[in-house]
Amino acid sequence: MAKQQTKRVHRRERKNIAHGQAHITASFNNTIINITDLDGNTIVWTSGGTVGFKGSRKSTPYAAQVAAEEAARQAGEHGVRKLDVIVSGSGGGRDTAVRTLQNMGMEVTFIKDVTPFPHNGCRPKKRRG
Numbered sequence: 051m052a053k054q055q056t057k058r059v060h061r062r063e064r065k066n067i068a069h070g071q072a073h074i075t076a077s078f079n080n081t082i083i084n085i086t087d088l089d090g091n092t093i094v095w096t097s098g099g100t101v102g103f104k105g106s107r108k109s110t111p112y113a114a115q116v117a118a119e120e121a122a123r124q125a126g127e128h129g130v131r132k133l134d135v136i137v138s139g140s141g142g143g144r145d146t147a148v149r150t151l152q153n154m155g156m157e158v159t160f161i162k163d164v165t166p167f168p169h170n171g172c173r174p175k176k177r178r179g
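Take our numbering: the final residue in the sequence shown is number 179, and no numbers are missing along the way.
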């Protein structure tokens, strides 16, 4: 007879962090929202895919809005009230995600855009069509 194994339950301990950073990566296929403490350690992350969207619907502004609502709710459980927002990428959900974080009661202290910009680096792909 085999031994009965007990299931391990992984519970995240509730951190009490008042000030954090929201790293928003908005690509053309998805929007990823990663809320960290000021040292860069991840507290909560969500994306268009983790909130239930699949395929091309992950890249919509509505998917970014739902992901930002979920991230703000989970971060609020950890005590986060103030956020520095760092935006990267040029996808459709970048503005919606920032606006939703503000509407969910988070105090946005500043918004920084760190989208990579080539100073005449690689040759771009040819135009489609």
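Glycine included, each C-beta is placed from N, C-alpha and C at the ideal position.
The three-state reading of DSSP puts asparagine 84 in strand, counting E and B together.
Taking 8 Å as the cut-off, the Cβ atoms of alanine 117 and threonine 96 count as close. Assignment of beta-bridge partners to aspartate 145 by DSSP yields no partner.
If you check the CB distance, glutamine 71 and aspartate 134 come in under 8 Å. If you look at valine 116, you'll find it in the alpha helix (DSSP H) that goes 111 to 127. The three-state secondary structure of lysine 57, taken from DSSP, is coil. Apart from the 5 residues on each side of it in sequence, lysine 175 has no Cβ closer than 8 Å to any other Cβ in its chain.
Here threonine 159 carries a strand assignment [DSSP, helix/strand/coil].
Checking the DSSP bridge columns, you'll see isoleucine 74 partnered with Ile83 and Val137.
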